[in-house]
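When the letters of the sequence shown are read in order and numbered with this note's numbering, they come out as residues 57 to 143.
We put the CB at the ideal spot given by N, CA and C, even for glycine.
Keep in mind it's a predicted model, so treat the numbers as computed, not measured.
Have a look at the structure below before the remarks.
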Amino acid sequence: MRLSARGDLPLRLLAKSVNSIVLVKLKDGTEFIGKLEYCDPSMNLVLVDAKEVDEDSKLIANLGRIFIRGSNILFISVDASRVKIEE
């Protein structure tokens with residue numbers, strides 16, 4: 057199946073964000089911030105130096121390298137470098 061020129065725009069933007077800091081919110085409300093190391097067409101992600109944070113950007117846990125299944129993702133912010141994490 058071929059995506060339309062506009063339909064693949066989110067995937068291209070995500071691919072261009074590799075090695076950038078991203079914020080990922082899951083459908084269950086969990087939020088992670090980390091450096092995007094890998095993404096695929098299903099939006100499966102690998103984050104390095106990942107941190108779990110709450111909605112107020114307070115640190116919950118340092119996790120290191122994590123895998124996030126694309127079907128669990130609610131949204132991805134590709135410009136999360138401005139987020140200040142309170143420890």
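Report the rounded CA-to-CA distance for residue i versus residue j, giving the unit in angstroms.
| i | j | result |
| --- | --- | --- |
| Asp110 | Asp64 | 30 angstroms |
| Ile89 | Ser137 | 9 angstroms |
Under three-state DSSP, which class holds residue i?
| i | result |
| --- | --- |
| Arg68 | helix |
| Asn118 | strand |
| Gly85 | coil |
Beta carbon of residue i, beta carbon of residue j: below 8 angstroms?
| i | j | result |
| --- | --- | --- |
| Val80 | Ile132 | yes |
| Val78 | Ser113 | no |
| Met99 | Ile129 | yes |
| Ala106 | Ile116 | no |
For residue i, verify whether its CB is less than 7 angstroms away from any heavy atom of the ligand FAD.
| i | result |
| --- | --- |
| Arg121 | This structure does not include the ligand FAD; it has no bound ligands of any sort. |
Nearest CA to the CA of residue i: which residue from the options?
| i | options | result |
| --- | --- | --- |
| Ser76 | Lys83, Val104, Phe123 and Arg121 | Val104 |
| Glu143 | Leu82, Phe123, Asn118 and Asp135 | Asn118 |
| Ser127 | Ile116, Leu70, Leu69 and Leu82 | Leu82 |
| Ile124 | Gly85, Ala71, Val134 and Val102 | Val102 |
| Leu67 | Glu108, Arg121 and Tyr94 | Tyr94 |
| Glu87 | Val134, Glu108, Asp135 and Pro97 | Glu108 |
Can you tell me where the beta strand (DSSP E) with residue i in it begins and where it stops?
| i | result |
| --- | --- |
| Val102 | Leu101 to Val109 |
| Ile129 | Ile129 to Ser133 |
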